[in-house]
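See structure below.
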Amino acid sequence: MSKGYLVANIRVTDQDRFQEFSGMAGPAIKKYGGRVLARGPVADRLEGDVSGIVMMIEFESKEAANTFYHSEEYQAAKAVREECSDTDLMIAEGVSD
-5 MSKGYLVANI RVTDQDRFQE FSGMAGPAIK KYGGRVLARG PVADRLEGDV
45 SGIVMMIEFE SKEAANTFYH SEEYQAAKAV REECSDTDLM IAEGVSD
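Structure below.
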């Protein structure tokens, strides 16, 4: 089965509230088997003009990533995130070897 990847670009507008979101999202990521592969504001932006924090989280499958995203725990964190940032977020299926 192919892995699932949650990829987000987050433009933070309130750093204090974003720290609250991070404190809520981290345990939910772990609970649903996610593993953060990349995180941070320092990405080499080679095309386009999107800025912000880049995040990539790996899950055992696309279905597992969707289960995490729609979980009660993450939806509560998402509500906080929506108050303190603008976000582009997608879930993609990995490529099998």
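According to my numbering, the sequence shown holds residues -5 to 91 in order.
Glycine residues also receive a C-beta, built at the ideal position from the N, C-alpha and C atoms.
Pick out whichever of A86, G42, L31 and A37 has its Cα sitting closest to the Cα of S55.
-> Within the sequence shown, numbered from 1, the residue matching residue 55 stands at position 61. Nearest of A86, G42, L31 and A37 to S55, Cα basis: A86.
Exposed unless 16 or more other CB atoms sit within 10 angstroms - verdict on S79 = Here the question's residue 79 lines up with position 85 in the sequence shown. S79 comes out buried.
Taking V74 as part of the alpha helix (DSSP H), name the residues at either end of that continuous run.
-> Residue mapping note: residue 74 aligns to position 80 of the sequence shown, counting from 1. Unbroken alpha helix (DSSP H) run through V74: E66 to C78.
At what residues does the alpha helix (DSSP H) containing R29 begin and finish?
-> Looking up residue 29 in the sequence shown gives position 35. First-last for R29: R29 to G34, but that is the beta strand (DSSP E), not the alpha helix (DSSP H).
What's the call for L40, buried or exposed, on a 16-neighbour Cβ count within 10 Å?
-> Reading the sequence shown from its first residue, position 46 is the one you call residue 40. Label assigned to L40: exposed.
With distances taken Cα to Cα, identify the nearest neighbour of F15 among K25, T7 and A71.
-> Sequence index remark: in the sequence shown, residue 15 carries index 21 (1-based). Checked all of K25, T7 and A71; the closest Cα to F15 is A71.
Name the DSSP beta bridge partners of G(-2), please?
-> Walking along the sequence shown from the start, residue -2 turns up at place 4. The partner list for G(-2) (beta bridge, DSSP) reads F53 and E87.
In whole angstroms, what is the alpha-carbon distance linking V48 and E67?
-> Locating residue 48 in the sequence shown gives position 54, counting from the first residue. Locating residue 67 in the sequence shown gives position 73, counting from the first residue. In a straight line, the C-alpha of V48 is about 21 Å away from that of E67.
Any idea which residues DSSP pairs T81 with across the strands?
-> Numbered from its first residue, the sequence shown carries residue 81 at position 87. T81 pairs with I4.
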